[in-house]
Structures are given as C-alpha cells and as structure tokens.
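Enquirer: Protein chains in written order, with my numbering: chain H, 1 to 384; chain S, 385 to 768.
Quick reminder that beta carbons are idealized off the backbone N, C-alpha and C, glycines included.
All figures in this text were calculated on a predicted structure; none of them were measured in a lab.
Mind looking over this structure? Questions follow.
There are 2 protein chains.
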Amino acid sequence: MMARRLNSAWIRKVNASRLFHALRERPNSSQRQLGLVTGLDKATISTVIAQLTRDGLVERTERTSGRRAGRPEMGLRIPESAGILLGVRLEPTGIDVVAADMTGRLLDRERAPGTRDLDQALDRLHDVVLKLEGRLKGVPHRGIGVCIPGLVERSGHLVFAPNLQWRDVPITTRLRALFDIPVTVENDTKAAAIAERLFGTCRNVDDFIYLAAQSGVGGALFLRGQLYRGASGLAGEIGHMNIVADGRQCGCGAHGCLEAYVSETAILARLGERDLKYDDLTHVAAAARGGDRVVTALLDETGGYLALALSGLVNTLNPTHIVLGGNLAIVADFIVPATQRDLERLALKPLQRDVEISISPLGADSVAMGGVALALETFLESTP
Amino acid sequence: MMARRLNSAWIRKVNASRLFHALRERPNSSQRQLGLVTGLDKATISTVIAQLTRDGLVERTERTSGRRAGRPEMGLRIPESAGILLGVRLEPTGIDVVAADMTGRLLDRERAPGTRDLDQALDRLHDVVLKLEGRLKGVPHRGIGVCIPGLVERSGHLVFAPNLQWRDVPITTRLRALFDIPVTVENDTKAAAIAERLFGTCRNVDDFIYLAAQSGVGGALFLRGQLYRGASGLAGEIGHMNIVADGRQCGCGAHGCLEAYVSETAILARLGERDLKYDDLTHVAAAARGGDRVVTALLDETGGYLALALSGLVNTLNPTHIVLGGNLAIVADFIVPATQRDLERLALKPLQRDVEISISPLGADSVAMGGVALALETFLESTP
DNA sequence: AATGATTAGCTAGACCCTCAAACTAATTTG
DNA sequence: CAAATTAGTTTGAGGGTCTAGCTAATCATT
C-alpha cells in the first residue's frame with residue numbers, strides 16, 4: 001500500500017507530460033491536433049500549454065494549417081532553449097556522455113577512457129560532464145541519466161556489475177553528490193528500452209520486449225506503456241533464461257542460459273569452435289553478407305535459440321513488438337528470419353500473430369540516449 | 385494514446401476503491417487505521433467514508449479501541465446489506481455459480497450440468513443464476529463475473545476455448561443480454577489470480593505469478609498491483625512455454641510445452657506410462673503421502689519441469705511470489721520442494737532470493753471466487 | 001470593402017478533488 | 001469536574017478538468 005499521492009497536482013503533471021511527449025513526437029502541432037492525439041479537452045490543453053510556455057518548454061512557431069476558413073492553427077514546438085539533457089554510459093571500456101535537447105536531438109558528445117576503479121570513473125565522468133556543460137551554456141541543464149551494465153535496484157543501489165567488478169555500491173548517492181542537477185541511475189538495457197520507446201521504433205507501442213546483446217544479454221520489458229522494473233527493480237534479466245538443458249556454461253555459473261548462445265562473446269566463441277576467429281560482430285556480419293555458409297548457419301542457429309526464449313515470453317506477456325538492440329543489431333539481419341520462423345512454430349498462434357520483431361535504429365548510441373531518456377522522464381515527473 | 389480520462393472524479397473512485405479494499409481486509413478498522421494503511425489524509429477518508437456510508441457500502445460497528453485517553457475510534461465494516469456478487473465457472477463438466485457478499489464471503493452456491501452447446505450452456509446458466517438470485521432477495525445484486533477456460537480478448541471476445549470447443553464467440557455480448565446486472569467475462573486462470581490477490585495469499589502482494597493446472601496449465605501475472613492482460617488480453621499463457629526441446633507432444637500441437645508435463649492430464653499420463661493408473665490427482669496425492677516411490681519421484685521430476693519455466697519468469701519479471709493453484713495445489717506439497725531446489729539453481733540469486741512459492745488456499749472454488757473478484761473490481765471501477 | 005461563415009484558442013464558472021488547520025466530540029486521567 | 005488526549009468533521013484554500021460561451025483570425029461571398 002501507501003501508493004503515490006493522488007491529487008490534482010499529480011493529474012496536471014501527468015497531462016503536462018503527455019502533452020509534452022505528444023508535441024515532441026509531432027513538432028509544429030497545433031493545440032487542436034494535440035487534442036486529437038491525447039484525448040484531452042481543449043480547455044485543458046490551453047491552460048497546460050500556457051504553463052509550459054511560461055516555463056520556457058514550449059514556444060509558438062509560424063502558423064501551419066493550409067487554406068481553410070476559420071482562424072488558422074498556431075504551430076507549437078519545444079525550442080532548443082527549453083534545456084539540455086545529459087546521458088551517460090559507463091563501461092569498463094569507456095565513459096560516453098551525450099548531450100541532447102529536450103526533444104532528444106543529439107547536440108554534442110564527449111568520451112573518456114573507461115576504468116574499473118570506481119573513484120577514478122566518477123572523477124573522469126565529472127570532468128567530462130563539466131567539459132560538455134561548459135560548451136552548452138545559456139540553456140538550463142535539466143538532468144542527467146547514468147546507465148550502468150549491472151543490476152540496479154529501485155532504490156538506486158547497485159547490486160552487482162560484473163564487467164565493472166562493482167558490487168554493492170550506493171551509486172545514486174555517489175553520483176548525486178557529483179552534480180547539481182537531478183541524477184537518475186538505471187541499468188543500461190532498461191535505459192536503452194526507454195530510449196526505444198521515446199526516440200526509437202516503439203514510440204507508440206505500449207507493450208514490447210527489448211533485448212540487447214553486448215558482452216552479455218540484457219533485456220527490458222515495457223508493459224502498459226511503462227518500463228517494468230519488477231518487485232525490486234531487477235526485472236528483465238532475460239539473458240539468464242535457461243533455454244538448453246545442461247547446455248553451454250554461462251558466466252553466471254549456470255548452464256544453458258540464453259546469454260551463453262546469443263551474446264556477442266558467445267557468438268564469437270561458438271564461431272571460434274568452428275575454427276573461425278573474429279574480433280567482433282561487425283566482421284561476422286561482413287562474412288555473413290559475403291555468404292560464408294558456416295557463419296550464416298551459426299547465426300541462423302542463434303536465431304533459433306533466441307526464439308526459444310522469446311516464444312515463452314510472447315506466450316506469457318502478449319507483446320506487440322520485440323526489439324533487438326545493442327551489438328546484436330549488427331547481425332540481426334541474419335538472425336531474425338530464423339527467430340521469426342521458430343517463433344511461429346513455438347508460440348501460440350493468436351499471440352504470435354500480433355508480434356513484430358524489429359531492429360533498433362538507435363545504433364551504438366542506444367544506451368547513452370537511454371540516459372537522456374531517463375533524464376527526460378525524471379524531469380517530467382518532478383514537480384514543476 | 386487516448387488513455388483514461390484523468391479528473392477529480394477518477395481520483396475519488398481510486399481512493400474510494402482503495403479504502404473499500406482496505407476495509408474489506410481489515411474489518412472493524414477505524415478511520416485512523418485506514419489512514420495508516422492507505423496513506424490518505426484523514427479529511428479525505430472522512431468524506432469518502434461518509435459517501436460510502438450513504439451508498440450503503442459501509443456501516444459503523446461498535447467502538448473498538450482499548451482503554452486510552454481521547455475520543456474512542458469507531459469501527460467500520462462492510463455490511464451484508466452492501467450487496468451480493470455472483471461468480472460463475474463455466475466448464476464442460478459443470479456450471480458453478482457462487483454468491484458472495486461484498487467482502488467476498490461465500491453465501492450460497494448452485495450447480496448445473498455442463499454442456500458444450502453454447503446456447504444450452506447460457507440457458508442453464510441463466511436458470512441457475514435466477515434460482516440463486518431468488519434465494520438472495522432484499523440486497524442489491526452488484527454484478528456477475530463469468531470465468532471461461534479459454535482465450536478471452538480485452539474486448540470481451542472469446543477467441544478459443546479448447547475444452548468447450550467454442551471458437552470466436554462474442555461471449556460478453558451474449559452474457560450481457562442475459563442479465564440485468566453488470567457482467568464481466570475473463571479467462572478462468574486470470575480470474576482466479578484476481579481472487580488470489582483479493583481473497584487469497586497475495587492480499588498485499590503487487591507482483592506475483594499465478595499458475596494453475598487442471599486439464600491444461602494456465603497462468604496469470606500480477607504486475608504493479610494489477611492483473612497484466614497484455615496487448616490483446618491474452619497474456620499469461622505460461623502453459624505453452626517450451627521447456628524441453630522436442631519433448632512430449634502437447635495438445636496445442638507443439639512439443640515440449642510445460643503443459644505436457646505438469647497438467648493434471650499430463651501427470652496422470654506420465655504415471656500411466658509407468659504402469660500406474662490413477663483417475664485424478666487426489667489419489668495421486670494419497671499415494672505420494674503413502675510413500676509410493678514411483679509417484680513421489682515423478683512428482684519431484686514434475687517440480688523440476690516447473691522450475692524450468694518459472695526460473696525464466698523469475699529472471700524476467702522479478703516477482704515476490706509464485707502461487708500454485710487449481711488441481712496442482714492437491715499435489716503441490718510433493719512438487720514444490722523440487723521446484724524450490726531447481727529454482728535456486730536456475731534463477732539469478734538476487735532475484736530468486738526475493739521469491740516465495742506458495743499454494744493457493746482457495747481450493748476448488750478459486751475460479752468461481754475469481755468471478756466474484758471480477759464482479760467486485762468492475763463494481764468498484766464503475767462510476768458511483 | 002464589408003459582411004458572414006467558420007474554425008482555433010481563450011476564459012469564466014461549475015464542480016470535482018485533496019489537504020491543512022481549526023473545530024467538535026468523546027473518552028480517560030487527575 | 002476540569003484538563004488532557006485523541007478521533008473524526010468541517011471549513012476554506014488551492015488545485016484540477018470540463019462545459020459553454022466568447023474572442024480572434026482567417027476565407028468566401030457579396
């Protein structure tokens with residue numbers, strides 16, 4: 001119990017956020033058009049837009065509508081002066097920071113070398129952010145979202161980040177001490193899924209499964225239009241679903257996890273066992289495009305493993321979309337057909353019929369843009 | 385888009401519903417106690433309770449608090465006169481109807497023979513309900529919830545009910561024409577899960593997985609305190625998760641589904657293959673209690689299969705509880721230890737740590753009580 | 001040009017809501 | 001019997017959405 005306090009201020013916040021997103025996705029909309037999209041009353045829209053305009057988050061553009069009797073519609077948009085958002089991706093191999101405007105348009109970026117030393121990583125992050133902030137003066141900095149490859153609890157506590165070798169770190173507290181703007185911390189894949197929803201292929205999709213493979217396999221669920229975090233915030237660990245009884249050893253200690261078959265590391269290792277040495281998936285994709293039968297066969301097989309995991313999720317969650325991201329997107333063209341084929345075989349027809357597999361368009365920036373998305377959501381949820 | 389209209393009337397409805405449930409679970413609470421539980425302001429509680437009292441849904445009881453300075457607390461409760469709810473379970477083997485008061489207490493029941501003939505089934509249902517309603521005069525009849533073993537879409541359309549052999553039936557429309565009180569239709573397992581949440585072991589649990597085995601295996605997910613229906617309302621089909629590659633043939637046409645191992649039918653069939661003929665799980669449970677090694681070994685194995693499916697769900701959904709219901713509950717004592725053991729092995733430690741497996745206390749009435757729960761939810765959501 | 005028709009956006013007022021603060025009520029304690 | 005204490009009610013402020021009417025800005029027609 002003890003749920004969120006429901007009062008008119010909260011309603012206003014929800015409606016303002018809904019209007020903001022609608023406008024973000026449809027720049028130059030008029031109030032009338034926003035009404036059609038959001039279902040809100042025009043009086044409500046009028047007052048909310050007036051408030052957002054006072055806050056500098058919305059401005060009028062030229063008139064828009066075609067030749068037609070009646071008062072012309074006024075276009076609205078979210079100006080660059082509305083503010084900037086920062087997104088951070090923390091990895092052992094590098095610290096990426098991107099800056100975007102309030103619509104999610106990438107403005108600038110900066111990178112620092114990665115490290116497994118926590119204090120050093122925070123120091124470097126601080127420096128890089130300062131550098132970026134210095135270049136983007138004169139506009140309010142609305143927030144920063146930090147993405148970490150590990151288990152981040154609801155509370156903001158980092159349970160474990162295998163690659164970084166961080167364990168039990170009160171990471172949010174540490175980061176909040178570093179910056180004077182709102183900080184949000186989340187698991188990298190979950191953040192990327194939010195980016196997919198705000199900026200990617202799932203803009204109007206309420207129920208989807210996001211799956212990203214890098215060194216490991218991460219997943220995230222969007223259910224009823226919201227990221228699903230689960231009881232303690234750890235939901236989405238699709239990578240460690242068991243798909244092969246007594247199968248390949250996984251980094252988590254168990255056998256037969258999805259991750260042991262479809263992560264970048266696993267694909268490269270499995271190719272290695274067939275005496276094919278590749279450094280990364282880009283080269284693998286090139287070989288597949290070149291028609292290498294061993295490679296395409298292995299990727300096809302990989303698609304089958306993926307389908308084993310996904311079919312169960314399709315049956316249980318009844319999503320409309322499945323999105324593949326991370327490095328997996330690089331070879332997705334050679335994986336998806338098999339996944340599709342096996343999904344048709346394994347999932348129940350009425351559920352499988354509704355689901356569409358797509359490849360993330362966000363590319364290498366998906367996680368950093370996830371940070372931006374996090375910052376945006378936090379900003380819109382904060383009391384104005 | 386085009387989400388639910390958010391206004392003050394909606395807030396009131398949500399708060400009234402929250403208070404109603406709080407009072408239902410804690411009869412004789414005072415307004416102060418309800419405030420502690422729901423987090424609502426005492427002024428809000430005062431006005432809402434006054435409204436509910438006017439509507440006849442709440443009444444005062446004797447004073448309650450012990451000897452203490454200050455004005456004594458007044459107990460509140462939901463009286464029998466608040467109304468009755470009807471729950472229906474439609475099966476080919478029988479039509480069960482139960483009547484309960486607004487707190488979910490069973491008052492009366494009636495049963496008619498089942499049939500696969502749709503018109504005949506509706507006729508019989510109508511008769512049985514009339515009979516029950518005749519016995520429960522003088523109190524408003526607030527609604528009826530009908531549970532069907534099949535895929536029921538959000539719209540109320542029945543896609544397919546394998547056992548009843550019904551396909552593509554606008555079941556909700558048909559049923560609404562039959563009764564003059566609000567009718568809600570849902571898949572039987574989903575309804576049972578709601579019952580579990582309102583009347584069973586998950587009263588204060590927001591995220592749980594419900595799994596019931598009868599002739600098939602059905603599942604339902606409670607996420608963020610609400611039943612999760614998925615994009616088209618078909619979520620929860622855990623029974624057809626693939627758990628064994630090229631495994632046993634399942635009724636759905638595929639191989640290796642969970643249902644092919646842990647449904648009542650499957651368990652009996654697998655015992656049959658070991659030359660043990662049983663008619664139902666009650667006898668199997670008796671044999672297991674009697675120490676029959678073959679039976680206990682098979683049930684133990686079954687628990688392992690269950691763990692295969694559940695571990696993936698635990699990793700993806702991060703629930704706090706897993707509830708086993710339906711006929712599976714009868715033999716659950718011999719299954720759960722193995723499930724628990726394998727879950728510890730297969731699911732990620734930080735997620736597995738939070739999850740508790742329990743057995744539904746609702747017994748054979750779980751589905752019919754699910755109908756009652758459906759009716760109650762519909763009533764509380766309807767505009768008063 | 002002037003006028004009317006048409007449509008977008010604004011605004012006043014009704015009617016909800018929650019919530020803080022003051023008030024009333026009902027008890028125990030001294 | 002007064003003081004202290006605590007539960008519940010009432011009042012009023014301040015917020016929300018929404019209906020209905022109003023104003024503004026255009027096109028079409030005379």
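(1) S:P554 touches chain H at which residues, Cβ-Cβ below 9 Å?
(2) Going by C-alpha distance, which of S:R581, S:G600 and S:P411 is nearest S:I593?
(3) Are three or more beta carbon pairs between the segment 321–333 of chain H and the segment 594–605 of chain S nearer than 8 Å?
(4) Which bits of chain H does S:I622 rub up against, with CB to CB less than 9 Å?
(5) Just to confirm, does S:L403 get its C-beta within under 7 Å of one of the non-hydrogen atoms of the ligand NAP?
(6) Between H:N28 and chain S, is any beta-carbon pair separated by less than 8 Å?
(7) Can you confirm whether H:V14, when its beta carbon is compared against all beta carbons of chain S, has any partner nearer than 8 Å?
(8) Is the CB of H:S449 under 8 Å away from at least one CB in chain S?
(9) Distance check for S:D630 and H:A225, CA to CA, integer angstroms please.
(10) How should H:L36 be labelled, buried or exposed, when 16 other C-beta atoms within 10 angstroms of its C-beta is the threshold for buried?
(11) Taking Cβ positions only, does H:L6 come closer than 8 Å to chain S?
(12) Please list, in chain order, all residues of the same chain as S:V628 whose beta carbon is under 7 Å from its beta carbon, the five residues on each side excluded.
(13) Once the 5 residues before and after H:R18 are set aside, which same chain residues still bring their CB inside 7 Å of it?
(14) Taking Cβ positions only, does S:N626 come closer than 8 Å to chain H?
(15) Does DSSP put S:T568 in a helix, in a strand, or in coil?
(16) Could you tell me which chain H residues have their CB closer than 9 Å to the CB of S:C531, listed as they occur along the chain?
(17) Going by C-alpha to C-alpha distance, which of S:I743, S:D485, S:D738 and S:D503 sits closest to S:N702?
(18) Can you grab the Cα-Cα spacing for the pair H:R203 / S:L460, in whole Å?
(19) Helix, strand or coil for H:Q226, going by three-state DSSP, please let me know.
(20) Taking the C-alpha atoms as reference points, what is the distance between S:G522 and S:L407?
(21) Does the beta-carbon distance from S:A722 to S:D684 come in below 8 Å?
(22) Between H:G312, H:D127, H:G370 and H:R111, which has its C-alpha nearest H:Q352's C-alpha?
(23) Inspect the CB distances between the segment 512–529 of chain S and the segment 567–582 of chain S and report whether three or more fall short of 8 Å.
(24) Please classify H:L346 as buried or exposed, where buried requires at least 16 neighbouring CB atoms within 10 angstroms.
(25) Got a sec: which bits of the segment 330–350 of chain H sit with their beta carbon under 8 Å from any beta carbon on chain S, in order along the chain?
(26) According to the neighbour-count rule (16 or more other Cβ atoms, all chains shown, within 10 Å of its Cβ), is S:M385 buried or exposed?
(27) Have a look at S:C636 and H:R248 and give me their C-alpha separation to the nearest angstrom.
(28) Within its chain, find whatever has a CB closer than 8 Å to the CB of S:Q415; leave out the 5 residues flanking it on each side and keep chain order.
(29) I need the straight-line Cα distance from S:L746 to H:E377, nearest angstrom please.
(30) Have a look at S:L611, S:G603, S:G614 and S:G674 and flag the residue whose alpha-carbon is nearest the alpha-carbon of S:V646.
(31) In terms of residue numbering, what span does the beta strand (DSSP E) encompassing H:R109 cover?
(32) Given this structure, state the Cα-to-Cα distance separating H:P350 from S:M625, to the nearest angstrom.
(33) Tell me the rounded alpha-carbon separation between H:D333 and S:T700.
(34) Closer than 6 Å by C-beta to H:A303: which residues in its own chain qualify, once you throw out the five before and the five after it? Chain order, please.
(35) What residues match up with S:A561 in a beta bridge as DSSP calls it?
(36) Consult DSSP for S:S465 and reduce its assignment to one of helix, strand or coil.
Expert: Short version:
(1) Neighbourhood of S:P554 in chain H, by CB distance below 9 Å: empty, with the nearest CB roughly 16 Å away.
(2) Considering only S:R581, S:G600 and S:P411, the residue with the shortest C-alpha distance to S:I593 is S:R581.
(3) Counting Cβ pairs under 8 Å, fewer than three are found: no touch.
(4) Think of a sphere of 9 Å around the beta carbon of S:I622: the chain H residues whose beta carbon falls inside it are G312, N315 and T316, in chain order.
(5) Looking for the ligand NAP in the displayed structure turns up nothing, as the structure carries no ligands at all.
(6) No - not a single Cβ of chain S is within 8 Å of the one on H:N28.
(7) Answer yes: the Cβ-Cβ gap between H:V14 and chain S drops below 8 Å somewhere.
(8) In the structure as shown, chain H begins at 1 and stops at 384. Residue 449 of chain H is therefore absent and cannot be evaluated.
(9) At residue 225 of chain H the sequence reads Gly, which differs from the Ala that was named. For H:G225 and S:D630, the distance between alpha carbons rounds to 36 Å.
(10) Looking at its Cβ environment, which holds fewer than 16 other Cβ atoms inside 10 Å, H:L36 is exposed.
(11) At least one CB of chain S lies nearer than 8 Å to the CB of H:L6.
(12) Close CB contacts of S:V628 within its chain, under the 7 Å cut and outside five residues either way in sequence, are with G640 (chain order).
(13) T38, listed in sequence order.
(14) Yes, because at least one Cβ of chain H sits closer than 8 Å to the Cβ of S:N626.
(15) S:T568 carries a strand assignment under DSSP once its states are collapsed to helix, strand and coil.
(16) Residues of chain H whose Cβ lies closer than 9 Å to the Cβ of S:C531 do not exist, since the nearest Cβ in that chain is about 19 Å away.
(17) Looking at the Cα atoms, S:D738 is the closest of the given residues.
(18) Cα to Cα, H:R203 sits roughly 47 Å from S:L460.
(19) Residue state, collapsed to three classes: strand.
(20) Cα to Cα, the separation comes out at about 23 Å.
(21) It is a contact, given that the beta carbons lie within the stated cut-off.
(22) Looking at the Cα atoms, H:G312 is the closest of the given residues.
(23) Touching, yes, given that three or more Cβ pairs across the two stretches are closer than 8 Å.
(24) When all chains shown are included, H:L346 counts as buried.
(25) Per Cβ criterion, the list reads R345, L346, A347, L348 and P350.
(26) Because S:M385 sits at a pLDDT of 40, beneath the cut-off of 50, its placement in the model cannot be relied upon, and the following sentence gives the value as read from the coordinates. By the neighbour-count rule (16 or more Cβ atoms within 10 Å), S:M385 is not buried but exposed.
(27) C-alpha separation (whole angstroms): 29 Å.
(28) Answer for S:Q415: K426, I429, S430, I433, E457, M458 and L460, listed in chain order.
(29) Those two C-alpha atoms are separated by around 41 Å.
(30) In terms of Cα proximity to S:V646, the closest of S:L611, S:G603, S:G614 and S:G674 is S:G603.
(31) Unbroken beta strand (DSSP E) run through H:R109: L106 to A112.
(32) Cα-Cα distance, rounded: 14 Å.
(33) Rounded to whole angstroms, the gap between the alpha carbons of H:D333 and S:T700 is 25 Å.
(34) One point to set straight first is that residue 303 of chain H is Gly, not Ala, in the sequence displayed. Around H:G303: I335, A338 and T339.
(35) Partner residues in a beta bridge of S:A561, as assigned by DSSP, do not exist.
(36) Three-state DSSP puts S:S465 in a helix.
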